[in-house]
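To convert a position in the sequence shown, counted from 1, into our numbering, add 112. Quick reminder that beta carbons are idealized off the backbone N, C-alpha and C, glycines included. Keep in mind it's a predicted model, so treat the numbers as computed, not measured.
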Amino acid sequence: MQIYPYSAIDRRESDASASSGAIHAYNGVASQPLILASPRRSESVKDKITMDGNSAVPNQDIEGTAMQSMGQITNVYIWDMDETLILLKSLLNGTYAESFNGLKDVPKGVEIGKMWETRILQLCDELFFYEQIENYNMPFLDALSRYDDGRDLSDYDFNKDGFSPPYDDANKRKLAYRHRVIANKYKQGLPDVLDHEMMKIWDELYDLTDEYTDKWLSSARDFLEQCSGRKEDPANSLASDGGMVNHLDNKPEHINVLVTSGSLIPSLIKCLLFRLDNLITHGNVYSSWEAGKGKLQCFQWINDRFNGPNVRFCVIGDGWEECEAAQTMQWPFVKIDPRPNGSHRFPGLTLRTLGYYFAVVYESSAAENDES
Numbered sequence: 113m114q115i116y117p118y119s120a121i122d123r124r125e126s127d128a129s130a131s132s133g134a135i136h137a138y139n140g141v142a143s144q145p146l147i148l149a150s151p152r153r154s155e156s157v158k159d160k161i162t163m164d165g166n167s168a169v170p171n172q173d174i175e176g177t178a179m180q181s182m183g184q185i186t187n188v189y190i191w192d193m194d195e196t197l198i199l200l201k202s203l204l205n206g207t208y209a210e211s212f213n214g215l216k217d218v219p220k221g222v223e224i225g226k227m228w229e230t231r232i233l234q235l236c237d238e239l240f241f242y243e244q245i246e247n248y249n250m251p252f253l254d255a256l257s258r259y260d261d262g263r264d265l266s267d268y269d270f271n272k273d274g275f276s277p278p279y280d281d282a283n284k285r286k287l288a289y290r291h292r293v294i295a296n297k298y299k300q301g302l303p304d305v306l307d308h309e310m311m312k313i314w315d316e317l318y319d320l321t322d323e324y325t326d327k328w329l330s331s332a333r334d335f336l337e338q339c340s341g342r343k344e345d346p347a348n349s350l351a352s353d354g355g356m357v358n359h360l361d362n363k364p365e366h367i368n369v370l371v372t373s374g375s376l377i378p379s380l381i382k383c384l385l386f387r388l389d390n391l392i393t394h395g396n397v398y399s400s401w402e403a404g405k406g407k408l409q410c411f412q413w414i415n416d417r418f419n420g421p422n423v424r425f426c427v428i429g430d431g432w433e434e435c436e437a438a439q440t441m442q443w444p445f446v447k448i449d450p451r452p453n454g455s456h457r458f459p460g461l462t463l464r465t466l467g468y469y470f471a472v473v474y475e476s477s478a479a480e481n482d483e484s
């Protein structure tokens, strides 16, 4: 397997899932929906969170709703970030352009990737405390919320609060303060964080990248909006219809969750800059970088958080890790392939396709339960 150079955005990471070698390594495994039993609940909820991120319990409320007991279906879409909702690593290492066999300008793609990389890091350090907290990566922003005493931070000086090791309660509280500020900035959105001139620069870079990638960014965002139930699918086929009855004409609930192998703070910044923040809340962004069992651990937390009698999960990504984790959880997996002849890519992926994956896995599971 060919391993490409690290991205400077995730300064301590190794993630080769975007390489073409990784795609071929599991291509046969993920080419069809997995026909397996219903998801199992995780037994990891007894773990305790530590500052070094070895293990963690989601400090998040269980999301079950009264409507689920009345027959409402909830679809939880679990997304990968790089080479799925966005293209960045394949721009930086040239593999995206190279897959077009001379039809795309490889150096131009690399240069676009470098512009994103430089500015993402700059924004992380200047406005989101990344230089201070990059060595304290948490799996999600609420991981240390129990240490936050609710103090008013309007006059708080983050440069003089003495935040440093050891990993005691006082420093966990200081980190929780930073996470609260980051969460508030995420909810506010970039227009309230950046000035007009900087927003113009980001908009121009987004448009340049979208044009270079044949509308990958805008079509992925458009599809994410469809998965959120905010926009009709042009194919007029809802994923929620596959394999289950919509009782009482209740519209299904749709939840988008992001699980990335990258560091948490840069991943949140990417959501903001790539215009995903109003479709994926900060509480639904997970980093598997130091989560013990990686993406599988995050999937188990998500299962514990959302699982219910009418909840269905579907994983969408390009990497071997999310493929194997989906298999373990017995969830359908849709493999994204950025290559021009890829079976599932943007533009192109539809709710009809996701409905097929939902139907194969969950209809089969329902039939097995009826026979038992």
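By the Cβ neighbour-count rule, N187 is buried, with 16 or more other Cβ atoms within 10 Å of its own.
Non-local beta-carbon contacts of T196 in its own chain, meaning distances under 7 Å to residues more than five positions away in sequence, involve I428, G429, D430, I448 in chain order.
Annotation: the continuous alpha helix (DSSP H) that includes N283 extends over 281-300. The beta carbon of K297 lies closer than 6 Å to those of V305 in the same chain, with the five residues before and after it left out. Burial check for E433: the Cβ neighbour count within 10 Å reaches 16 or more, so the residue is buried. Excluding the 5 residues flanking it on each side, G301 has same chain C-beta neighbours closer than 8 Å at L384, D389, N390, in chain order. About 14 Å separates the beta carbons of N396 and N415, which is beyond the 8 Å limit, so they are not a contact pair. E223 is the residue among N213, E223, I198, D217 whose C-alpha sits nearest the C-alpha of L204. When beta bridges are read from the DSSP output, G429 appears opposite K447. In the DSSP annotation of this structure, the continuous segment of the alpha helix (DSSP H) that includes L233 starts and ends at 218-239.
Judged by beta-carbon spacing, R424 lies within the 8 Å limit of I185, meaning their Cβ atoms are closer than that value. Fewer than three beta-carbon pairs drawn from the segment 270-286 and the segment 332-346 are found closer than 8 Å, and the two stretches are therefore not classed as touching. L265 and Y259 have their C-alpha atoms some 15 Å from each other. Shown here, E434 sits in a helix according to DSSP, grouped into three states.
It is roughly 14 Å from the alpha-carbon of H394 to the alpha-carbon of I190.
Proximity to P378 across F241, Y268, S330 peaks at F241, based on C-alpha coordinates. Judged by DSSP in its simplified three-state form, S375 adopts coil rather than helix or strand.
Between the segment 459-467 and the segment 212-226, the count of Cβ pairs shorter than 8 Å is below three; the stretches do not touch. One Cα belongs to V473, the other to W443, and the distance between them is close to 7 Å. In the DSSP assignment, N415 falls within the unbroken alpha helix (DSSP H) covering 407-418. Around the Cβ of M311, a 10 Å sphere holds fewer than 16 other Cβ atoms; the residue is exposed. Taking I392 as reference, the option from V371, K405, L320, D254 with the minimal CA-CA separation is V371. Residue S400 holds the alpha-carbon nearest to the alpha-carbon of M250 among R417, S400, V446. Annotation: the continuous beta strand (DSSP E) that includes T186 extends over 186-191. Annotated three-state conformation of N453 is coil, per DSSP. A direct Cα-Cα distance of roughly 31 Å separates G374 from N422. For S330, the closest C-alpha among the options G467, F386, E238 is that of F386. Residue pairing from DSSP places E365 in a beta bridge opposite T186. Per DSSP, reduced to three states, the secondary structure at V472 is helical.
Of the candidates T325, Q172, R285, T325 places its Cα closest to the Cα of A209. Of the residues assessed, K363 falls on the exposed side of the cut-off, its CB having fewer than 16 other CB atoms within 10 angstroms.
Rounded to whole angstroms, the Cβ separation of I381 and I198 is 12 Å, and the two are not in contact under 8 Å. Y248 and C236 have their C-alpha atoms spaced approximately 14 Å apart. Between C339 and H308, the C-beta spacing is not below 8 Å.
DSSP, read as helix, strand or coil, puts I313 in helix. Taken through DSSP and simplified to helix, strand or coil, D254 comes out as helix.
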